[in-house]
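Engineer: Quick one: structure below, then a few questions.
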């Protein structure tokens, strides 16, 4: 009895040491990435404020803290795959070989989808929305955009778009563990479209129809793509089940 | 006159309304309230729940549609309105957040839409609620709602031509060469609303006090005795509802005190409703 307890303790301490090691490495890489991103923030800010005549800051610390915020967001996005890899390395010894093989691809795919969503927001949606908003500037209503408001606007587009583009991964995962069937996805398409529009309205930073549409339309496309992928996965699964019989 | 007849409250027969009431109500209700004959017809129908829900739906649809149409009309007046504001401030505006200009214009057009469609909205609300009211309640609404609206408008007009320019001149007086005024449109709209809306509400004070005196909940002696407290409250409310400076606070508190004095003046000429009158009102909506 005592030996069993000792063994359990030993393993738990090993686990804790592993967690500590992985946390320290993640933190180091995160800090390095934030520092690196910070040096690139002027480039990013230039890119964002391309269509604006001038960019101002309204409170003394605003310029610095805005750059810092941008750097932290960038750093988190860049470090995410590394952190996810650590999580996977920590969890994977507990998985079966087959599970390990199929789940390994989740990290690159989810990161790629996030990057696609974020880039779509950064390079297409944000400039279009900005140009639309700037079109209301006139002689008696000048655009004098503060850097904090601009960054909040852009980050508020980029991050939700990145996460929304993860939807296929989530759906694929749910399909793999057998929670959703392709037929159900097709049957409930109406509700999916409705939910996508509601979520898009909630997640976009400004309550206008344009950014909502810019998010909802790609989401519906992604939904359709996921349905196709899930069909393929499902068919494969059925075939395997038939072969096993 | 049929006032001495004892009638039950649920016997909603409009024909027994006294002539005086009917005359007054038909003058007070120009565009918003349907004709007396329509009312009688409406009363005659006893609707079930589904009927009420159907009516509610059609009234909501009409209200929303008229609000939307009015807001679209308002969109074309939003720009001129901003131009008018910038002229009254003597400065051009800026916007500091990407969406600020667009959403300020949306906000202005929605407000214009609300104002333009308010007669329809009020009429629809009234027509939905009215069949469920007792004759005396209808009588009270018709008698006092026009005053409520009129006082609110008087308050807005007062604010626009006295408080708003004075406050603006006071605040913009602090701008110098080194301290330039660059007015952000979103904040300016908030300022504009804060300089108007509370005054509309404030001008309802005499009506509220008079109503309380009429019902016997307050009497003139009490009001006179508590004058000091009323003045303190006026200044406290003025401090809360306006930007934190003594000028706008006084601009709000002084008219409030004057309105309070006016209420006392009027309250002396009003006597509480007597028991007999209450009896009459409960029994059938008699005019005094």
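Residue numbers (our numbering), protein chains in the order written: chain A, -6 to 238; chain B, 666 to 953.
We put the beta carbon where it would ideally sit given N, CA and C, even for glycine.
Can you grab the Cα-Cα spacing for the pair residue 687(B) / residue 808(B), in whole Å?
Structural biologist: Here the question's residue 687(B) lines up with position 22 in the second chain. Here the question's residue 808(B) lines up with position 143 in the second chain. Because residue 687(B) carries a pLDDT of 42, less than 50, the predicted location of this residue cannot be relied on, and the following value inherits that uncertainty. C-alpha separation (whole angstroms): 11 Å.
Engineer: Could you tell me which whole alpha helix (DSSP H) segments of length 4 or greater appear in the stretch 95 to 134 of chain A?
Structural biologist: Correct list: 99 to 112, 119 to 127.
Engineer: Pull up the distance between the alpha-carbon of residue 935(B) and that of residue 899(B), whole angstroms please.
Structural biologist: Within the second chain, numbered from 1, the residue matching residue 935(B) stands at position 270. Within the second chain, numbered from 1, the residue matching residue 899(B) stands at position 234. In a straight line, the C-alpha of residue 935(B) is about 24 Å away from that of residue 899(B).
Engineer: Pull up the DSSP beta-bridge partners for residue 203(A), would you.
Structural biologist: Position 210 of the first chain, counting from 1, holds the residue named residue 203(A). For residue 203(A), which the question treats as bridged, DSSP gives no partner whatsoever.
Engineer: Beta-carbon of residue 202(A) versus every beta-carbon of chain B: anything under 8 Å?
Structural biologist: As a working mapping, residue 202(A) is identified with position 209 in the first chain. So, not an interface residue.
Engineer: Which of the three DSSP states, helix, strand or coil, is assigned to residue 9(A)?
Structural biologist: Here the question's residue 9(A) lines up with position 16 in the first chain. Helix.
Engineer: Kindly indicate the opening and closing residues of the beta strand (DSSP E) around residue 759(B).
Structural biologist: Indexing the second chain from 1 puts residue 759(B) at position 94. Where residue 759(B) is concerned, the enclosing beta strand (DSSP E) stretches over 758 to 760.
Engineer: Rounded to the nearest angstrom, how far is the Cβ of residue 969(B) from that of residue 917(B), given a contact under 8 Å?
Structural biologist: This structure cannot speak to residue 969(B), because chain B is shown only from 666 to 953.
Engineer: Against chain B, does residue 135(A) count as a neighbour if the rule is that its beta carbon must be under 8 Å from one of theirs?
Structural biologist: Residue 135(A) sits at position 142 when you count from the first residue of the first chain. So, interface residue.
Engineer: Taking the runs of the alpha helix (DSSP H) that are 4 residues or longer, which of them lie wholly in the stretch 29 to 104 of chain A?
Structural biologist: For the stretch 29 to 104 of chain A, whole alpha helix (DSSP H) runs of length 4 or above, ordered along the chain, are 55 to 84, 90 to 97.
Engineer: Going by the DSSP bridge assignment, what does residue 136(A) pair with across the sheet?
Structural biologist: As a working mapping, residue 136(A) is identified with position 143 in the first chain. 760(B), per the DSSP bridge assignment.
Engineer: Just reading off the alpha helix (DSSP H) that residue 799(B) is part of, what are its end residues?
Structural biologist: Position 134 of the second chain, counted from the start, is the residue given in the question as residue 799(B). No alpha helix (DSSP H) holds residue 799(B); DSSP gives it neither H nor E.
Engineer: So does residue 910(B) have its beta carbon nearer than 7 Å to some heavy atom of the ligand SAM?
Structural biologist: The ligand SAM is not part of this structure, which contains no ligands at all.
Engineer: Please work out which residues of its chain come closer than 6 Å, Cβ to Cβ, to residue 919(B), disregarding the five sequence neighbours upstream and downstream, and give them in chain order.
Structural biologist: In the second chain, the residue the question calls residue 919(B) occupies position 254. Result list for residue 919(B): empty, nothing under 6 Å.
Engineer: From residue 937(B) to residue 799(B), what does the alpha carbon distance come to, in whole angstroms?
Structural biologist: Translated into the one-based positions of the second chain, residue 937(B) becomes position 272. Translated into the one-based positions of the second chain, residue 799(B) becomes position 134. Each residue's alpha carbon lies about 22 Å from the other.
Engineer: Taking residue 658(B) and residue 871(B) to be in contact with their CB atoms under 8 Å, please state how far apart those CB atoms are, rounded to whole angstroms.
Structural biologist: Here chain B comprises residues numbered 666 to 953, so residue 658(B) is not present and cannot be evaluated.
Engineer: Under 8 Å, do residue 160(A) and residue 216(A) count as touching if we go by C-beta distance?
Structural biologist: Within the first chain, the letter at position 167 stands for residue 160(A). Within the first chain, the letter at position 223 stands for residue 216(A). Closer than 8 Å, so yes.
Engineer: Could you check what DSSP says for residue 177(A) in three-state terms: helix, strand or coil?
Structural biologist: Here residue 177(A) refers to the residue found at position 184 when the first chain is read from its first residue. Here residue 177(A) sits in helix by DSSP.
Engineer: From the DSSP output, which residues share a beta bridge with residue 862(B)?
Structural biologist: Counting from one through the second chain, the residue named residue 862(B) turns up at place 197. BP columns for residue 862(B) are empty, so no partner.
Engineer: What are the residues of the stretch 121 to 132 of chain A that lie near chain B, defined by any Cβ-Cβ distance shorter than 9 Å?
Structural biologist: Here the close residues are 122, 123, 125, 126, 127, 128, 129, 130, 131, 132.
Engineer: Look at the Cβ atom of residue 41(A), then the Cβ atom of residue 143(A), and state whether they are nearer than 8 Å.
Structural biologist: Here residue 41(A) corresponds to residue number 48 of the first chain, with the count starting at 1. Here residue 143(A) corresponds to residue number 150 of the first chain, with the count starting at 1. Yes, the pair counts as a contact, with Cβ atoms nearer than the cut-off.
Engineer: Between residue 695(B) and chain A, is there a C-beta pair that is closer than 8 Å?
Structural biologist: Translated into the one-based positions of the second chain, residue 695(B) becomes position 30. With a pLDDT of only 45 at residue 695(B), under 50, the local geometry of the prediction cannot be trusted, and the value read off the model is given with reservation. Not an interface residue.
Engineer: What residue range does the alpha helix (DSSP H) around residue 914(B) cover?
Structural biologist: Taking the first residue of the second chain as position 1, residue 914(B) is located at position 249. Note, residue 914(B): alpha helix (DSSP H), 911 to 932.
Engineer: Which residues in chain A have a C-beta closer than 8 Å to the C-beta of residue 761(B)? List them in chain order.
Structural biologist: Your numbering for residue 761(B) matches position 96 in the second chain. Correct list: 49, 51, 137, 138, 139, 142.
Engineer: For chain A, check one thing: does any of its Cβ atoms lie closer than 8 Å to the Cβ of residue 757(B)?
Structural biologist: Looking up residue 757(B) in the second chain gives position 92. Yes, contact with chain A.
Engineer: From the DSSP secondary-structure annotation, give me the bridge partner or partners of residue 849(B).
Structural biologist: Stepping through the second chain from its first residue, residue 849(B) is reached at position 184. Note: residue 849(B) sits in a beta bridge opposite 759(B).
Engineer: Are residue 153(A) and residue 224(A) close, meaning C-beta to C-beta below 8 Å?
Structural biologist: Translated into positions along the first chain, residue 153(A) becomes position 160. Translated into positions along the first chain, residue 224(A) becomes position 231. Contact flag unset, no.
Engineer: Give me the chain B residues within the contact set of residue 32(A), using Cβ-Cβ distance strictly less than 7 Å, ordered along the chain.
Structural biologist: By one-based count along the first chain, residue 32(A) stands at place 39. Within chain B, no residue comes near residue 32(A); the closest Cβ sits about 26 Å away, beyond 7 Å.
Engineer: Under 8 Å between C-beta atoms, does residue 116(A) make it to chain C?
Structural biologist: The structure shown contains no chain C; its protein chains are A and B.
Engineer: Cβ of residue 764(B) less than 8 Å from any chain A Cβ?
Structural biologist: Looking up residue 764(B) in the second chain gives position 99. Cβ-Cβ to chain A under 8 Å: yes for residue 764(B).
Engineer: Taking residue 742(B) and residue 786(B) to be in contact with their CB atoms under 8 Å, please state how far apart those CB atoms are, rounded to whole angstroms.
Structural biologist: By 1-based counting over the second chain, the position of residue 742(B) is 77. By 1-based counting over the second chain, the position of residue 786(B) is 121. Contact doesn't hold; Cβ gap of about 19 Å is too wide.
Engineer: Please report whether the beta-carbon of residue 751(B) lies at a distance below 8 Å from any beta-carbon of chain A.
Structural biologist: Reading the second chain from its first residue, position 86 is the one you call residue 751(B). Output row for residue 751(B): interface = yes.
Engineer: Is residue 872(B) helix, strand or coil when you go by DSSP?
Structural biologist: In the second chain, residue 872(B) corresponds to position 207, counting from 1. In this structure, residue 872(B) counts as helix in the three-state DSSP scheme.
Engineer: Is the Cβ of residue 847(B) closer than 8 Å to any Cβ of chain A?
Structural biologist: The sequence position of residue 847(B) within the second chain is 182, counting from 1. For residue 847(B), the answer is yes, since a Cβ of chain A falls inside 8 Å of its Cβ.
Engineer: Under DSSP, the alpha helix (DSSP H) around residue 739(B) begins and ends at which residues?
Structural biologist: Counting from 1 along the second chain, the entry for residue 739(B) is found at position 74. Residue 739(B) -> alpha helix (DSSP H) spans 714 to 754.
Engineer: Counting contacts by CB-CB distance shorter than 8 Å, is residue 154(A) in contact with chain B?
Structural biologist: As a first step, residue 154(A) is located in the first chain; it is residue number 161 there, counting from the start. No, no contact with chain B.
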